[in-house]
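Chains as they are written, first to last, in the numbering used here: chain A, 2 to 88; chain B, 7 to 999.
Let me begin by presenting the structure, written as structure tokens, before commenting on it.
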């Protein structure tokens, strides 16, 4: 598998580490009412067969966190963006 | 010398008849020619018996001429370079080659375990599953060792491999796999269009089947055409030809795994050259031209030496100039195999008969038989005589009459199967082609892959040339090149329909499907009767298609027998799943340089060379080598540690702490980022001060700790534990890039950039003062505990000094740019000499931190919270931070949780083992009574007792209680008193003087 890093170009898998689902969002509230949101955020992940947005870290390259869209069935990667987009 | 090459056809073939090389097989000397394989050279010398089979120890010969060989496995070389299960058919002959047959004792011709053949009826499918069921205890002690001794293939050398292996990467537009008619055509078409081409060929010669056939292309002999094509490819600038290179796997993203046998054809690798090189080839497009693999027709005793695939016979005759026999019979159900009769006759071999098992007579076969001087008989092989090499075959004709032919070679062919393994490595399924009666590549090929030639079911020479050219051009087009118009029109009719015959009914003796695993037709039928219907299940039950050849010559025959036995259409039965590697790959090649001490890089601290000079003993910490201790001659380890601790506590010691993770955090929002990653506050930390911090994982458990110093308003300098440096750095990058990209802050690892030493002890200040350039003040008032700042030392060298203490003594950490690290340790020792300075290693460091009750790796074990570590009060209630919400969950803050305490054994001389579990004083050491565990232990020279840190249920409330420390692993139980973890100087007075 190869990931096309926006900074470094297409690089082999061994340069990256995987973190998982890129769509989960850290809750902003630390009030009791946010308990379910926190449990979801920390523990619950979907396991889709098909397209999956996920975080990869280019540790052996530019140290960017990347948002990679990968098909979990075929490993086909259709999009790679910087997680810190908008900066 | 026995090697007079009695079966060599003088002047024929591609071997170099002018040169002779010597080799040994089973200790006997032979000769061959450059260009031979071990198999062709053995056949040239009249050697037909080369091994014994896996289960029955039946005599076996050479079946094929390629990497699909199931029988002719030998141990190659001797001593540390001995390699078992190498295929004689692919071993390139070299002078001095030494090979030994396998799986026989005492000798190949007389093998004791061939008595297994007498027990053939009981060794059927599932024999092991059915027989060695009971009693269960016998399996490990008796059955398995016995089976392992009797069965099995060759034996590996148990010596360390003296050669080395490399890994390399290659990139191209078009990867062409295989260099037969299709592969050469594809490579030419793509390369001439301008694409960067890599052509991989597992053999040492380019040409594939062209080397083995007496074909003509464009009016020239095929071998000549292949040579010209290879020369043209060599002349093109962007075409790389890789011989002796097997592409063994197709992976995601256009990545292909290949192994190049750089030195296997030499007695010993040249200096600095690897034995093999593992390639990762990244290709935009690939064209698989891997050719085909012939399948045998099965009949009784079809495994006898002298029974050979028809195509392999042609390879030996035409490529190697070897007659694999003197008198031959051809048994085949297809036109292709008729060429064998023609070529044998042309080489002077007497062809006695062409036996055709098809229901209809073939005029073409009859004609070829006539030309070759052979009888044409419609019928089948009923039996083969000659255990160590065939002497005759008995043919039963369609009318039921039998006739015996004396012969020493039986060439058989049931047609060809595309070598399509690579097309299915990403999960695609092959498709059944009912006209060709074989599996062909399916629709769902790996992205960017095309298949041409025999691998695509395009078996004729014209079809190979045309499909190869078309696929090469198409691949180049996909890469953005404009290939010129195709030269070769696709042949109009190439799909010669096959009438496959899989095996001969009612032949005598065992008819083997899988030669390597001794699986017979009857075994597959038995498996079918017992309910196995799926090829993958039959494989596991009967072992059909296992081991080094993975059923290359047997899978389809097996599926056909299964289909018949279960009354199904063969196309519906499917096949086993092909997975990488295509042929076996040495673990050495996969490991490359990563073996032994080079398994991973070793990182050396800046003081490493100096520490070596001091006779330090080193220990691996993460990827680093750290000095464990600095023993003096004659000193026992415990004495060394006690001395280093005592000297630090009474005089001054120095320890290299450069390996701790160091992270620079800079930007206007640096303080805010730290506020969010540490449980305690950092945003308001004054410039010139350092603070201890604890960070949690988002689930509330402790992740790492360390001190962070503020060097400027927008500049912090964080330290982490040695082991977690990378993890914390990645975590900060995650926080900064993913969670809070709006913060204006950057982080970067500075671990390698700074050499840092802890100078600790009552006389530490005097040592540092001696290093400082004039006019700088580190007195207690000017530079109090937890102060930090920038200084210059030793005549202008920039330094950062932190008044931090892990040991509990007055201490400074002094950091300089890494290149000054060696000079600084020498300067510190020199400056400290008059104060009695001595270096201390990580062992003494550990003793002092346990004496002080500082948590470290054993306590930050992923199961402890801030509360458990006694740091709960440190957590801010005014801000969110990573792990705050989940860390506040009730269960993580219950008093009953195991929390950190100190332990002192009632007998101070009793060692408490780390990992011991704690129960109440009178309780039994059972899981139900478990109340906690010991994390760290040390001998405290100051208190003259062993001490320990432990996680104990409700620990802080149990001071003074005596608990039982249980070490069931070593059978020890001892009593210890629960105490504060701060064993030495609990008020911290020594830090602040």
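Where a beta carbon is used, it is the ideal one built from N, C-alpha and C, also for glycine.
State yes or no: is the beta carbon of residue i nearer than 7 Å to at least one beta carbon in chain A?
i: residue 294 (chain B); result: no
i: residue 704 (chain B); result: yes
i: residue 886 (chain B); result: yes
i: residue 736 (chain B); result: yes
Counting only Cβ pairs nearer than 9 Å, list the residues of chain B close to residue i.
i: residue 3 (chain A); result: 258, 259, 260, 261, 288
Nearest chain B C-beta to residue i closer than 7 Å, yes or no?
i: residue 76 (chain A); result: yes
i: residue 43 (chain A); result: yes
i: residue 84 (chain A); result: yes
i: residue 64 (chain A); result: yes
i: residue 88 (chain A); result: Here residue 88 (chain A) scores only 47 on pLDDT, less than 50, and its place in the model is too uncertain to base an answer on.
Would you mind telling me which residues of chain B sit closer than 7 Å to residue i, beta carbon to beta carbon, in chain order?
i: residue 27 (chain A); result: 745
i: residue 56 (chain A); result: 744
What residue from the options has the CA that sits closest to residue i's CA?
i: residue 522 (chain B); options: B:552, B:546, B:497; result: B:552
i: residue 54 (chain A); options: A:79, A:15, A:33; result: A:79
i: residue 684 (chain B); options: B:709, B:631, B:674; result: B:709
i: residue 998 (chain B); options: B:989, B:816, B:972, B:187; result: B:816
i: residue 687 (chain B); options: B:520, B:49, B:677, B:257; result: B:677
i: residue 530 (chain B); options: B:75, B:33, B:132; result: B:132
i: residue 254 (chain B); options: B:169, B:397, B:287, B:92; result: B:287
i: residue 335 (chain B); options: B:389, B:285, B:176, B:367; result: B:389
i: residue 262 (chain B); options: B:199, B:186, B:179, B:310; result: B:179
i: residue 918 (chain B); options: B:972, B:936, B:442; result: B:972
i: residue 547 (chain B); options: B:994, B:136, B:807; result: B:136
i: residue 412 (chain B); options: B:966, B:103, B:395; result: B:395
Does any CB atom of chain D fall closer than 7 Å to the CB of residue i?
i: residue 59 (chain A); result: In summary, chain D is missing from the structure at hand, where the protein chains are A and B.
Just the Cα atoms here: how many angstroms apart are residue i and residue j?
i: residue 66 (chain A); j: residue 23 (chain A); result: 10 Å
i: residue 907 (chain B); j: residue 874 (chain B); result: 9 Å
i: residue 391 (chain B); j: residue 517 (chain B); result: 13 Å
i: residue 533 (chain B); j: residue 509 (chain B); result: 17 Å
i: residue 9 (chain B); j: residue 85 (chain B); result: Low per-residue confidence applies at residue 9 (chain B): pLDDT is 49, beneath 50, and the placement is therefore not dependable enough to give any value.
i: residue 70 (chain A); j: residue 76 (chain A); result: 10 Å
i: residue 511 (chain B); j: residue 385 (chain B); result: 11 Å
i: residue 289 (chain B); j: residue 233 (chain B); result: 25 Å
i: residue 961 (chain B); j: residue 613 (chain B); result: 40 Å
i: residue 107 (chain B); j: residue 74 (chain B); result: 18 Å
i: residue 430 (chain B); j: residue 451 (chain B); result: 7 Å
i: residue 68 (chain B); j: residue 323 (chain B); result: 14 Å
i: residue 768 (chain B); j: residue 796 (chain B); result: 23 Å
i: residue 363 (chain B); j: residue 382 (chain B); result: 11 Å
i: residue 380 (chain B); j: residue 13 (chain A); result: 59 Å
i: residue 476 (chain B); j: residue 375 (chain B); result: 36 Å
i: residue 37 (chain A); j: residue 682 (chain B); result: 21 Å
i: residue 257 (chain B); j: residue 176 (chain B); result: 14 Å
i: residue 820 (chain B); j: residue 846 (chain B); result: 16 Å
i: residue 827 (chain B); j: residue 761 (chain B); result: 5 Å
i: residue 414 (chain B); j: residue 333 (chain B); result: 6 Å
List the residues of chain A whose Cβ lies closer than 9 Å to the Cβ of residue i, in chain order.
i: residue 890 (chain B); result: 31
i: residue 740 (chain B); result: 20, 56, 58, 66, 84
> Okay, do the region 484 to 497 of chain B and the region 218 to 230 of chain B touch, 3+ Cβ pairs below 8 Å being the bar?
Replying inline: no
> Counting Cβ pairs closer than 8 Å, one from the region 785 to 796 of chain B and one from the region 640 to 651 of chain B, do we hit at least three?
Replying inline: no
> Below 8 Å, can you find three or more Cβ-Cβ pairs linking the region 299 to 309 of chain B to the region 269 to 279 of chain B?
Replying inline: no
> Do the region 941 to 953 of chain B and the region 843 to 855 of chain B make contact, defined as three or more Cβ pairs closer than 8 Å?
Replying inline: Flag = yes, the region 941 to 953 of chain B and the region 843 to 855 of chain B touch.
> Okay, do the region 948 to 960 of chain B and the region 983 to 999 of chain B touch, 3+ Cβ pairs below 8 Å being the bar?
Replying inline: yes
> Counting Cβ pairs, one atom from each stretch, are 3 or more of them under 8 Å apart for the region 198 to 213 of chain B and the region 225 to 245 of chain B?
Replying inline: yes
>> Can you confirm whether the region 539 to 546 of chain B touches the region 558 to 571 of chain B when touching is taken to mean that 3 or more C-beta pairs between the two stretches lie within less than 8 Å?
In response: Three or more beta-carbon pairs drawn from the region 558 to 571 of chain B and the region 539 to 546 of chain B are found closer than 8 Å, and the two stretches are therefore classed as touching.
>> Would the region 88 to 98 of chain B count as touching the region 38 to 55 of chain B if we require 3 or more Cβ pairs under 8 Å?
In response: yes
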